[in-house]
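Structure record follows, encoded as structure tokens.
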Amino acid sequence: MLSAKWKCKSKASSTMTTFPPMPLLPITSPSTISACRELPLRPSDIFICSYPKSGTTWTQHIVLTLLLADRKYKIADLTSCGNSDAGNTGDDLAYNHVSDYAPFFEIDAHWQSSPSNDGTKVLADSVRENHDRLGRRVFNTHLRWDMLPKQREASSGTPQNDDKEGYDADNTGPSDDNDSYIHKERPQCGKFIYVTRNQIDVVASFYHHLSNQIEGTYTDTFETFLKDWMDGKIPFGSSLHHLIGFAGGFADNLYDTTSSRGHDDIGDDESTGVTDQPLLLLSYEKMKSNLRTEVLRIISFLNLTHIPSHVLEEEILPSFGFSSMKNNIEKFQPKSVGWLNGFQFLRKGVTGDGRRLLLNRSTNDSGGGKEEGESSELMVAYNDWVVREEYRSKISNVLKGDCYEDCREVFLSVVEK
Numbered sequence: 004m005l006s007a008k009w010k011c012k013s014k015a016s017s018t019m020t021t022f023p024p025m026p027l028l029p030i031t032s033p034s035t036i037s038a039c040r041e042l043p044l045r046p047s048d049i050f051i052c053s054y055p056k057s058g059t060t061w062t063q064h065i066v067l068t069l070l071l072a073d074r075k076y077k078i079a080d081l082t083s084c085g086n087s088d089a090g091n092t093g094d095d096l097a098y099n100h101v102s103d104y105a106p107f108f109e110i111d112a113h114w115q116s117s118p119s120n121d122g123t124k125v126l127a128d129s130v131r132e133n134h135d136r137l138g139r140r141v142f143n144t145h146l147r148w149d150m151l152p153k154q155r156e157a158s159s160g161t162p163q164n165d166d167k168e169g170y171d172a173d174n175t176g177p178s179d180d181n182d183s184y185i186h187k188e189r190p191q192c193g194k195f196i197y198v199t200r201n202q203i204d205v206v207a208s209f210y211h212h213l214s215n216q217i218e219g220t221y222t223d224t225f226e227t228f229l230k231d232w233m234d235g236k237i238p239f240g241s242s243l244h245h246l247i248g249f250a251g252g253f254a255d256n257l258y259d260t261t262s263s264r265g266h267d268d269i270g271d272d273e274s275t276g277v278t279d280q281p282l283l284l285l286s287y288e289k290m291k292s293n294l295r296t297e298v299l300r301i302i303s304f305l306n307l308t309h310i311p312s313h314v315l316e317e318e319i320l321p322s323f324g325f326s327s328m329k330n331n332i333e334k335f336q337p338k339s340v341g342w343l344n345g346f347q348f349l350r351k352g353v354t355g356d357g358r359r360l361l362l363n364r365s366t367n368d369s370g371g372g373k374e375e376g377e378s379s380e381l382m383v384a385y386n387d388w389v390v391r392e393e394y395r396s397k398i399s400n401v402l403k404g405d406c407y408e409d410c411r412e413v414f415l416s417v418v419e420k
């Protein structure tokens, strides 16, 4: 049964998004972006979505660890019941790198030319082989909601475009409640986990990241980076556009459970509740303050029912800590790009680092410090940007009503200083 906060009247109309084109890293081409958008979805697909530096790798690690543990103990349960066809426990699936089973969705290296030679792309053989081993497809992505796939993979007796209420292939439906900047196209199946983080921490972490990344190295000052980031000139564009776009998805976060489209290809023991909601909203700050609660939400969202509680508490949860991940950095340091000066991708894993950076830097002084509570020119520029973009009013308009209160609070909290 759906929780009360999701019992709002559905806003299934599709509206035209007007966000500008997203700047891309050199490792991504426009043809790959098109292929990402057109990938046919499967009910078991999982997309871990975020703007960069919001906790994507952390969430990848959590999701994959939970999936593998659930698989292991599900097979063990079946074996103990005398099912000789249960298969192996999945111990051989332990990953050497988090991208083994949750690859970066939008990079050229993970796609290849279609065998039909029609100019389109399909997932690379290596990606498909690893997903076949896992038994489902998992991706991490920094694409906006309007850039992600929405159509279901064609299957016997199931038209690929069978949901006329929640899907508009042309994406030109009438605007609703003055929110024409929102993309509300409802996915036909699949699971999407969206991770948010305080935007000041995001920009600080992203600056350190791109300043030490070989491909597309950012060579200017932090002050210039902040301005370019607010102007949407940095790879992946405006973070506020990213957030507003996903808010549109949460404004229509229901599947039509009377339809078979969400449950085909999923076993009977896994079907109940699996596809009631396409999206789960996570907050980096809530994960830092109460990781156990957020992990339980992920387990519920993905309908993982076979992990023993003592295994979760004693083995799995401790592996999600920053120190544990730092000690196994080779599993998490991105392989899709190179790094300068021995840069450590898992840098600090804290909250509030961006605020300290903005307070201690100004356009006139690269290091002179500000007292706590005192605004620097950079903080003023940041606040002006949030106001100029009308972010708070747009989020409040898209996620209006008591049923969206928790979701709206998360989206609004990310811009607070």
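Note that the numbering used here has the sequence shown beginning at 4, numbered continuously upward.
Here a beta-carbon is modelled for each residue, glycine too, at the ideal position from N, C-alpha and C.
Cβ of residue i within 7 Å of any heavy atom in the ligand ADP?
i      : result
Asn344 : Ligands in the displayed structure: none, and consequently the ligand ADP is not present.
Tell me the rounded alpha-carbon separation between residue i and residue j.
i      : j      : result
Ile36  : Val101 : 22 Å
Asp255 : Asp111 : 31 Å
Ala127 : Ile65  : 24 Å
Leu28  : Pro238 : 6 Å
Gly235 : Pro26  : 8 Å
Leu343 : Glu408 : 43 Å
Gly325 : Lys153 : The sequence shown places Phe at residue 325, not Gly. One C-alpha to the other measures close to 34 Å.
Arg421 : Ala157 : Absent from the model: residue 421. The displayed extent of the chain is 4 to 420, so no value can be given.
Tyr385 : Val413 : 19 Å
Phe50  : Val141 : 6 Å
Leu69  : His211 : 30 Å
Phe323 : Thr60  : 11 Å
Glu316 : Ser327 : 15 Å
Ser396 : Asn201 : 18 Å
Asn306 : Ser47  : 11 Å
Lys291 : Leu284 : 15 Å
Leu224 : Ile203 : Per the sequence shown, the amino acid found at residue 224 is Thr instead of Leu. C-alpha separation (whole angstroms): 16 Å.
Would you list the one or two residues that DSSP bridges to residue i?
i      : result
Leu126 : Trp114
Ser208 : None, per the DSSP bridge assignment.
Ile196 : Ile51 and Leu283
Rank the options by C-alpha distance to the C-alpha of residue i and give the top, closest one.
i      : options                           : result
Arg189 : Phe249, Tyr210, Phe239 and Leu402 : Phe249
Tyr54  : Leu28, Ala127, Ser117 and Leu243  : Leu243
Arg147 : Thr21, Trp342 and Ala97           : Thr21
Trp114 : Glu132, Asn99 and Pro46           : Glu132
Lys289 : Ile332, Gly252 and Thr354         : Thr354
Asp135 : Arg200, Arg45 and Gln63           : Arg45
Gly193 : Asn363, Leu67 and Pro281          : Pro281
Leu137 : Leu67, Lys124 and His245          : Leu67
His103 : Pro337, Tyr394 and Asp223         : Here residue 103 turns out to be Asp, not His, going by the sequence shown. The option with the nearest alpha carbon to Asp103 is Pro337.
Asn331 : His245, Asn99 and Pro43           : Asn99
Please return the same chain residues whose Cβ sits closer than 7 Å to the Cβ of residue i, not counting the five positions on each side in sequence.
i      : result
Ala72  : Ile310, Val314 and Ile319
Asp405 : none
Asn143 : Ile51, Thr59, Gln63, Ala105, Phe107 and Phe108
Ser117 : Thr123, Lys124 and Val125
Exposed or buried, residue i, counting other C-beta atoms within 10 Å across all chains shown (16 or more means buried)?
i      : result
Gly240 : buried
Ser303 : exposed
Asp149 : buried
Gly357 : buried
Asp121 : exposed
Arg295 : exposed
Ile247 : buried
Asn215 : buried
Given residue i, which residues of its chain have a CB within under 6 Å of its CB, disregarding the five upstream and five downstream residues?
i      : result
Leu213 : Tyr221
Ser416 : none
Met233 : Trp388
Ala207 : Asp356, Gly357 and Leu360
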